[in-house]
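S.K.:
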Amino acid sequence: MQVGGKIVVVTGGGNGIGQALCETFHKAGAKKVVVVDLDEARAKAVADGIGGASFKCDVGREDDIKHVIDETERQFGSIDLFCSNAGIGGGFDPMSPNAGGISDEPWMKSWAIHVMAHVYAARHLVPRMQARGGGYFLNTISAAGLLSQVGSPAYSTTKHAAVGFAESLAIAHRAHGIKVSILCPQGVDTNMLKNIPKGPQSNDGNLSPEQVAADALAGIEAETFLILPHKQVIDYMRKKTENYDRWIGGMAKIQAKMREEFGK
139 MQVGGKIVVV
149 TGGGNGIGQA
159 LCETFHKAGA
169 KKVVVVDLDE
179 ARAKAVADGI
189 GGASFKCDVG
199 REDDIKHVID
209 ETERQFGSID
219 LFCSNAGIGG
229 GFDPMSPNAG
239 GISDEPWMKS
249 WAIHVMAHVY
259 AARHLVPRMQ
269 ARGGGYFLNT
279 ISAAGLLSQV
289 GSPAYSTTKH
299 AAVGFAESLA
309 IAHRAHGIKV
319 SILCPQGVDT
329 NMLKNIPKGP
339 QSNDGNLSPE
349 QVAADALAGI
359 EAETFLILPH
369 KQVIDYMRKK
379 TENYDRWIGG
389 MAKIQAKMRE
399 EFGK
């Protein structure tokens, strides 16, 4: 898919990867980039900088997603590319004695933003895209959805679920002309990453949001399902599937090392 001349929506577009996606799509010639964020001021600032439009939206609320879709199509035309990019960190605790020990609130918040936001976008856009012969979804997930994130059970689990839903979306609607890509970077130099303490699991370098956005654009143009800004992730995936027990053992060693480092 070529982004030039297209109507594009980006959630979580007020900063980080989302902002870089908005700016990259604008430079690629998108007809209109709609910047969506819970932070209304940031969304407007990014939109003003690229001649786009903005909406305040809590992506974990179906009514908010529906409003963005309805208003975008009413004001600017049919959405060609919907980028479900918003995400949250939190819940990082390599010292936790129980992977299921945190309260329900962070689990449900992660589920709403990392999984249901993608579902809501599809629920309200798939029928429209199907009726007009196609469309495109870019879902920003994380390498954590393919591998894991030591110390963050809620983050890792919901990112895995997001990969599963994206696969279902791509399989179910390929015949309808609807394309899907998932963007799965490791460390990216964003505020979210800065709020997570460094650990031995972060040894592959942090990419800039701009580089990740450039890789996302290239993946969309090639209509590639799996977009990996950190190329080594594919090797980690192979090692995981080749010998799951060995992979679990290696991850457990990382967990132990992190506990040693953070316990000092």
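Residues in the sequence shown are numbered consecutively from 139, following the working numbering. Glycine included, each C-beta is placed from N, C-alpha and C at the ideal position. Everything numeric in this text was worked out from a predicted model, so none of it was measured.
1) To the nearest angstrom, how far is the alpha carbon of residue 200 from that of residue 250?
2) Assuming the contact rule is C-beta atoms closer than 8 Å, residue 146 and residue 163 should be a hit. Round their C-beta distance to whole Å, please.
3) Can you tell me whether DSSP reads residue 398 as helix, strand or coil?
4) How would you write the range of the beta strand (DSSP E) that residue 320 sits in, first residue to last?
5) Give the secondary structure of residue 373 by DSSP, where H, G and I count as helix, E and B as strand, and everything else as coil.
6) Are the segment 376-390 and the segment 229-246 in contact at 8 Å, needing three or more beta carbon pairs?
7) Starting from residue 194, follow the beta strand (DSSP E) in both directions and report where the run begins and ends.
8) DSSP beta-bridge partners for residue 275?
9) Just to confirm, is the Cβ distance from residue 301 to residue 223 under 7 Å?
10) With distances taken Cα to Cα, identify the nearest neighbour of residue 160 among 317, 180 and 188.
11) Apart from the five residues just before and just after residue 346, which ones in its own chain have a Cβ nearer than 7 Å to its Cβ?
12) Residue 397 to residue 252, Cα distance in whole Å?
13) So for residue 176, helix, strand or coil by DSSP?
14) Output yes or no for whether 7 Å exceeds the beta carbon distance between residue 365 and residue 353.
15) Can you say whether residue 202 is buried or exposed, counting buried as having 16 or more other CB atoms within 10 angstroms of its CB?
16) Count the other CB atoms, across all protein chains shown, that sit within 10 Å of the CB of residue 267; report buried if there are 16 or more and exposed otherwise.
17) Please look up how many angstroms separate the CB atoms of residue 166 and residue 321, rounded, as I've assumed it's under 8 Å.
M.R.: Well, looking at it:
1) 10 Å
2) 5 Å
3) helix
4) 316-321
5) helix
6) no
7) 191-194
8) 220 and 318
9) no
10) 188
11) 327
12) 27 Å
13) coil
14) yes
15) buried
16) buried
17) Residue 166 to residue 321, Cβ: 16 Å. No contact.
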